[in-house]
Amino acid sequence: YETTVNPRGVAENDVWNIQLLNSQSKERLGYPSQKPEALLERIIMASSNEGDVVLDAYCGCGTTVAVAERLKRHWSGIDITYQSISLILQRLEKQYGEDILKQIMLNGIPRDFASAKALAQKKDDRLRKEFEKWAILTYT
1 YETTVNPRGV
11 AENDVWNIQL
21 LNSQSKERLG
31 YPSQKPEALL
41 ERIIMASSNE
51 GDVVLDAYCG
61 CGTTVAVAER
71 LKRHWSGIDI
81 TYQSISLILQ
91 RLEKQYGEDI
101 LKQIMLNGIP
111 RDFASAKALA
121 QKKDDRLRKE
131 FEKWAILTYT
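Residue numbers (my numbering): 1 to 140.
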């Protein structure tokens with residue numbers, strides 16, 4: 001076999017040795033599908049540059065957006081549950097301070113009394129339950 005040297009260094013292995021989150025991990029937030037920050041850091045660094053946009057269409061507890069923020073990427077996160085949105089906001093505020101909350105644009109949640117009332121008065125019981133979840137997470 002002929003051996004050549006890769007001018008860009010050693011090729012990446014197809015197995016990544018990244019520590020799993022256990023119940024005692026400092027970054028553990030209690031979210032069932034939480035991924036280690038090291039995993040998302042590696043993915044984001046390999047696939048984007050500073051200033052690029054990272055999209056996480058299923059935010060969960062916000063690991064991707066938190067790591068994207070740390071790596072100086074713009075980001076957009078999407079989730080359908082108020083529990084996730086609340087957890088992500090708390091996480092970002094804890095990691096980056098309360099000023100970050102002023103930079104985040106939230107869509108689809110009540111912003112004033114009229115929109116909260118409209119959500120509470122939905123005929124569909126599932127949507128009315130969303131008002132209850134929003135109210136509990138916002139005011140507790």
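All C-beta atoms in this analysis are idealised placements derived from N, C-alpha and C, irrespective of residue type, glycine included. For clarity, every value in this text was computed on a predicted model and none was experimentally measured.
Own chain partners of residue i with C-beta closer than 7 Å, once the 5 adjacent residues on each side are dropped
i	result
asparagine 17	none
lysine 35	Thr63
serine 48	Val54, Arg73
glycine 30	none
Residue i versus residue j: straight-line alpha-carbon distance, rounded
i	j	result
serine 115	arginine 8	55 Å
glycine 51	lysine 72	6 Å
glutamate 69	phenylalanine 131	29 Å
proline 110	alanine 66	24 Å
glutamine 24	leucine 40	20 Å
glutamine 95	arginine 42	19 Å
arginine 128	alanine 135	11 Å
serine 76	leucine 89	13 Å
asparagine 13	asparagine 6	14 Å
Paired residues, beta bridge with residue i - DSSP
i	result
serine 76	Leu55
Sequence-distant residues of its chain with Cβ nearer than 6 Å to residue i (five each side left out)
i	result
leucine 87	Cys61
histidine 74	Val53
aspartate 124	none
alanine 120	Phe131
lysine 117	none
Exposed unless 16 or more other CB atoms sit within 10 angstroms - verdict on residue i
i	result
threonine 140	exposed
tyrosine 108	Reading off the sequence, residue 108 comes out as glycine, not tyrosine. It is exposed - the Cβ of glycine 108 has fewer than 16 other Cβ atoms within 10 Å.
isoleucine 78	exposed
isoleucine 80	exposed
aspartate 141	Summary: the structure shown does not reach residue 141, with the chain confined to residues 1 through 140, and so no result is reported for it.
Integer Cβ distance of residue i from residue j, believed to fall under 8 Å
i	j	result
isoleucine 100	leucine 92	5 Å
leucine 137	glutamine 103	About 21 Å; that fails the 8 Å criterion.
glutamine 19	alanine 38	7 Å
Residues of its chain near residue i, where Cβ-Cβ distance is below 8 Å and the 5 sequence neighbours each way are ignored
i	result
isoleucine 44	Val54, Thr64, Val67, Ala68, Leu71, Arg73
arginine 28	Leu21, Asn22, Gln34
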